[in-house]
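Enquirer:
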Amino acid sequence: MNWFTDRHYFLLAVIFYGLSTIYSVFLWRKGFRRDEWVNYFLLAGGVALHTLAMVKRGLTLHSCPVNNLYEATTFLLWALGLACLVYSLLPRFKFLAAFTAPVLFTLGVFALMPSLDPPHGPMPEFSGQSRLHQMQRCLRSAAEQLQVKRINNRAQRHLAGLLGSPIMIGEETHPGSAEGSRAQSTGHAD
Numbered sequence: 472m473n474w475f476t477d478r479h480y481f482l483l484a485v486i487f488y489g490l491s492t493i494y495s496v497f498l499w500r501k502g503f504r505r506d507e508w509v510n511y512f513l514l515a516g517g518v519a520l521h522t523l524a525m526v527k528r529g530l531t532l533h534s535c536p537v538n539n540l541y542e543a544t545t546f547l548l549w550a551l552g553l554a555c556l557v558y559s560l561l562p563r564f565k566f567l568a569a570f571t572a573p574v575l576f577t578l579g580v581f582a583l584m585p586s587l588d589p590p591h592g593p594m595p596e597f598s599g600q601s602r603l604h605q606m607q608r609c610l611r612s613a614a615e616q617l618q619v620k621r622i623n624n625r626a627q628r629h630l631a632g633l634l635g636s637p638i639m640i641g642e643e644t645h646p647g648s649a650e651g652s653r654a655q656s657t658g659h660a661d
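Positions 472 to 661 (my numbering) are the ones given, in order, by the sequence shown.
Written as structure tokens, this is what we have:
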């Protein structure tokens, strides 16, 4: 089974992180009302495969695998995943796995880009930094667009409150609108 490399194990770990992310969405929708161990075990499976990938990479290099951007990213993700598993055992921090899984999944997909893992030479190489900066610009642009949309929605709601006109965003009714006051007076919405 020589064709199954450390990157394959890491890919399986990222798939587990993705499953944990999907399950986290359902936990968020439920509002974290009860303790869920499914998410913890999905994350634990991902961290176990991640550990196996790092050990396999370290044994092939005969050193700690932090020679390029891929290896440094996988090491940081592994540390984050392990810390999350330890802290999630504490009752106050059981929700932490639901918030860590999307971070591990997103950065894991980023780390799987082939240009971040060039062949090893005598000195560590961190090539692909331009790709890192491109990815950071993309993520920053997406975050700014989401922020603009959120500000626009708040401005519309504020304007509707000032003008006293009903405004519908999605399928929500707002308490200041005619539909919202009708729903409050009857005790239920349509």
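Built from N, CA and C at the ideal position, the CB exists for glycine as well.
Tell me which residues share the same chain as THR476 and place their Cβ nearer than 8 Å to its Cβ, disregarding the 5 neighbours each side in the sequence.
Expert: As a working note, residue 476 is residue 5 in the sequence shown. Same-chain partners within the cutoff: LYS527.
Enquirer: Which residues bound the alpha helix (DSSP H) around MET584?
Expert: Here residue 584 refers to the residue found at position 113 when the sequence shown is read from its first residue. Taken as a continuous stretch (DSSP letters only), MET584 belongs to no alpha helix (DSSP H), as it is neither H nor E.
Enquirer: Cα separation between SER421 and HIS629?
Expert: No answer is possible for residue 421: the residues shown for the chain start at 472 and end at 661.
Enquirer: Helix, strand or coil for PHE566? Go by DSSP, reduced to three states.
Expert: Reading the sequence shown from its first residue, position 95 is the one you call residue 566. Coil.
Enquirer: Return the first residue and the last residue of the alpha helix (DSSP H) that TRP549 is part of.
Expert: Here residue 549 corresponds to residue number 78 of the sequence shown, with the count starting at 1. That run of the alpha helix (DSSP H) goes 540–559.
Enquirer: Measure the C-alpha to C-alpha separation of TRP508 and PHE481 and round it to an integer number of angstroms.
Expert: For the purposes of this step, residue 508 is taken as the residue at position 37 of the sequence shown. For the purposes of this step, residue 481 is taken as the residue at position 10 of the sequence shown. TRP508 and PHE481: Cα-Cα distance of roughly 23 Å.
Enquirer: Three or more beta-carbon pairs under 8 Å between the region 616–635 and the region 571–583, yes or no?
Expert: Flag = no, the region 616–635 and the region 571–583 do not touch.
Enquirer: So, with DSSP's three-state summary, where would you put GLY502?
Expert: Here residue 502 refers to the residue found at position 31 of the sequence shown. In the structure shown, the three-state DSSP call for GLY502 is coil.
Enquirer: Tell me whether TRP474 sits in a helix, a strand or coil according to DSSP, three-state version.
Expert: Here residue 474 is taken as the residue at index 3 of the sequence shown, counted from 1. In the structure shown, TRP474 sits in coil (DSSP, three-state: anything other than H, G, I, E or B).
Enquirer: Can you tell me whether DSSP reads HIS521 as helix, strand or coil?
Expert: Against the sequence shown, residue 521 aligns to sequence position 50. Helix, per DSSP.
Enquirer: Please state whether the Cβ-Cβ distance between ASN539 and PRO589 is less than 9 Å.
Expert: If you number the sequence shown from 1, residue 539 lands on position 68. If you number the sequence shown from 1, residue 589 lands on position 118. Yes, these two residues count as a Cβ contact at 9 Å.
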